Amino acid sequence: MDKDNFLKKYADHLNEEQKQAVQTIAGPVLLLAVPGSGKTTVLVTRLGYMILCENINPQNILVLTYTVAATRDMGDRFSHVFGEEARKNLEFRTINGICSKIISQYAYMIGKTPDSIYQLITDEKVTTKIVGDILKDFMEDFPTESQIKATKTL
């Protein structure tokens, strides 16, 4: 679909700033507005624009929200505007949901079940060593105790 037809059909009700957010594909876009001002509408329209006008494969798009209700709402709104067929290859997830999927994929890759790697580390010495090793890799030097402690409290 060409951009003019898309904007006329799906974005005619948006203001100029919202239309700009819909059409900005390269680089970051910040939508900062009060509740009820149309952020979800802009995001849903932007998803449609990316798929229909920019020919971005929906399987290369991950839509992250904070709550399950927001995930469901955004997916439902997308389906309402662009159809169920357009939605089927889009992935709508919560932040926790994507973390769970990453852990499950990692478990599969190392030949384990997800349940076998969902273990909390409660031993302070073990967590200090893990954080220290990570910092060492990033800093290319041995971190101080205060750097490790500061990182653990973030």
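Take the sequence shown: its position 8, counting from 1, is numbered 211 in the numbering used here, and each next residue is one higher.
The beta-carbon is built from N, C-alpha and C at its ideal position, and this holds for glycine as well.
Because the structure is a prediction, the values reported are computed rather than measured.
Check: Between which two residues does the alpha helix (DSSP H) carrying F281 extend?; Outcome: V271 to F285
Check: Rounding to the nearest angstrom, what Cα-Cα distance links D207 and G335 in this structure?; Outcome: 54 Å
Check: Judging by CA-CA distance, which residue of T244, F285 and N292 is the nearest neighbour of A273?; Outcome: T244
Check: Going along the chain, which residues of its own chain have a beta-carbon closer than 7 Å to the beta-carbon of F345, five neighbours each way excluded?; Outcome: K339
Check: Tell me the rounded alpha-carbon separation between I254 and F209.; Outcome: 11 Å
Check: Hey, how far is the Cα of T297 from the Cα of T270?; Outcome: 6 Å
Check: Let me know the alpha helix (DSSP H) ranges lying completely inside the stretch 306-354, each 4 residues or longer, listed in chain order.; Outcome: 317-320 and 327-342
Check: Measuring CB atoms only, is the stretch 261-268 touching the stretch 222-232, in the sense that at least three cross pairs come out at less than 8 Å?; Outcome: no
Check: Should C302 go down as buried or exposed, given a rule of 16 or more other Cβ atoms within 10 Å for buried?; Outcome: exposed
Check: Using the three-state DSSP reduction, which class does T268 fall into: helix, strand or coil?; Outcome: strand
Check: For Y377, count the other beta carbons within 10 Å of its own beta carbon; 16 or more makes it buried, fewer makes it exposed. Which is it?; Outcome: Since the first residue of the chain shown is 204 and the last is 357, residue 377 is not available in this structure.
Check: Can you tell me whether I351 is buried or exposed? The criterion is at least 16 other CB atoms within 10 Å of its CB, across all chains shown.; Outcome: buried
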